[in-house]
Amino acid sequence: MCYSKAPKMNNNDVMSDILLRLPLKDLVGCKCVCKSWNTLISDPIFKLNYSLRNPQYNISGFFLQKFLYLELHSKLLFFPCEGRVDAAPKPSLSFIEDDKGVCIQHSCNGLLICSSFRCGEEDRKYYICKPTTKQYFPLPNLECRTVFGISIAYDPNRSPHYKIVSICDSYLSKKYRQIKMYSSVTGSWKPSGKPFTVPDEDMLFKRGVFWNGSLHWIGMGNLALRFDPEAELMLTMPMPPTERKPGYFGESGGHLLLVEAYGPLTAGFDIMEMKADYSGWFVKYHLNLDQVARRCKAIERANRLSILHIVHNHVEDVDESFIVIHVPGEFVSFKLRDYSFMDLQTNNHVDSGLGLWYSWEGVYPYTNTLFYL
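Numbering (my numbering), first residue to last: 1304 to 1676.
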């Protein structure tokens, strides 16, 4: 009788098999044991295998932030959109030690930029953090008088490294802005390009959206900008040629989406998508809220509503995309394909009696990618 020999396992295979069985927090701690473990755990193939073996850590959703009078920390809620509710990060930034409190400034693919809360710019500290593992570290001081917006550019499918882009004031005049960029490779800030002018209309630099390898900003008028952090190049992009104000601007599933408000959103609206070559926008969905209101009393009696989040999702070629909106006292979610309602699961206590009003400008999408600070 012949027996085939079992394949030999080298030391890395044995160690990889052991590490794959560890809880996430213990695994993160193992990166500090030695250089070889750090290299093994940081390997993209190991990350993929760990994610497949431990689906309990897979979660995507969004943080919802509101500032309350005299509260040291911003009020946070977290709504899971995909994955297990018990894998969701706790809606708290109290693990960041800052006596001035902490709030979220931006999010991108599993990373958050947070900052000191109740202080002037000269005393403000910025942090990069991952709430599911409660890891964070302070960024070097950003030497400028005013920070108009700060955003993360991070694509874990392309590189384990990230960049942070800050729109700062310029020494030239109040009409100019200067980009300063932080790299996780160098661990330092540097000016990027020459100062550039901005029009009098308000640019929403605090609401940068990372898509297609670039950061994007829209304004209250017809100007929109995009910045390529690799080429360090700022360009304009087209906007629909109409008078409007933004009702939503975000990315989901590799799609850049925009909703413009020409009047009350309760009358219905179009969800537009940017073409991949930046040649223009097209209508992706038209929402008739009269049809939705017939099935939902909260929407039927609402005199206003705001869009919080849009999730672009396809399951086996079936469009399962959905939208989350806020009407007075209630959060509502329904599919864009057939207007069927969905349960919004959350591990938070949602107090609708506070009378708080939320909008997309307080939403920070979050995906628990296997990333270690």
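Ideal Cβ positions, reconstructed from N, Cα and C, are used throughout, including at glycine.
In terms of alpha-carbon separation, which member of the options lies closest to residue i?
i, options, result
"N1616", "L1323, G1364 and I1321", "G1364"
"V1666", "L1322, R1356, L1380 and N1341", "L1380"
"L1639", "C1411, F1508, V1586 and Y1353", "V1586"
"K1437", "Q1368, R1604 and E1400", "E1400"
"P1631", "S1624, H1612 and L1608", "L1608"
"C1471", "E1385, F1508, Y1439 and H1612", "F1508"
"N1444", "P1459, D1458, T1435 and S1419", "S1419"
"T1672", "N1315, F1349, V1618 and M1484", "F1349"
"F1644", "A1605, I1613, C1599 and C1411", "C1599"
"R1356", "W1660, K1369, L1325 and P1668", "L1325"
"F1366", "A1391, T1342 and L1343", "A1391"
"K1548", "S1636, I1521, W1660 and I1416", "I1521"
"I1613", "S1636, E1619 and A1601", "S1636"
"E1446", "D1458, T1435, K1428 and S1454", "K1428"
"M1506", "A1601, V1317, V1621 and E1664", "E1664"
How big is the Cα-Cα spacing for residue i and residue j?
i, j, result
"D1329", "I1628", "38 Å"
"L1526", "V1450", "20 Å"
"S1492", "N1591", "The question names Ser, but residue 1492 is Trp in the sequence shown. Near 47 Å, if we compare the C-alpha coordinates of N1591 and W1492."
"E1535", "S1495", "6 Å"
"L1442", "K1433", "14 Å"
"S1345", "S1339", "10 Å"
"S1662", "H1464", "31 Å"
"F1530", "V1488", "19 Å"
"V1501", "K1478", "6 Å"
"M1540", "K1578", "11 Å"
"A1564", "A1570", "10 Å"
"E1554", "A1456", "13 Å"
"G1557", "F1625", "15 Å"
"V1595", "K1466", "41 Å"
"V1405", "S1377", "7 Å"
"L1351", "R1461", "14 Å"
"N1315", "F1440", "30 Å"
"Q1648", "E1385", "10 Å"
"S1302", "P1668", "Residue coverage of the chain in this structure runs from 1304 to 1676, which leaves residue 1302 outside it and unanswerable."
"R1448", "W1584", "36 Å"
"D1620", "D1641", "15 Å"
"D1580", "K1403", "43 Å"
What is the DSSP secondary structure of residue i, reduced to helix, strand or coil?
i, result
"S1345", "helix"
"F1366", "strand"
"K1509", "helix"
"M1318", "helix"
"Y1353", "helix"
"D1401", "coil"
"K1478", "coil"
"C1305", "In this prediction, C1305 scores a pLDDT of 47, lower than 50, which makes its location untrustworthy; no coordinate-derived value is stated."
"E1664", "helix"
"V1595", "helix"
"V1336", "coil"
"V1331", "helix"
"E1425", "helix"
"A1692", "The chain is shown from 1304 up to 1676; residue 1692 falls before or after that span and cannot be answered."
What do you get for residue i, buried or exposed, if any count of 16 or more other CB atoms within 10 angstroms of its CB means buried?
i, result
"G1413", "buried"
"H1589", "exposed"
"L1371", "exposed"
"L1611", "buried"
"M1523", "exposed"
"I1321", "exposed"
"G1452", "buried"
"Y1353", "buried"
"Y1430", "buried"
"V1336", "exposed"
"V1512", "buried"
"F1552", "buried"
"F1572", "buried"
"Y1474", "exposed"
Would you please verify whether the beta carbon of residue i is less than 8 Å from any beta carbon of chain C?
i, result
"I1467", "Considering every chain present, this structure includes no chain C. It has just one protein chain."
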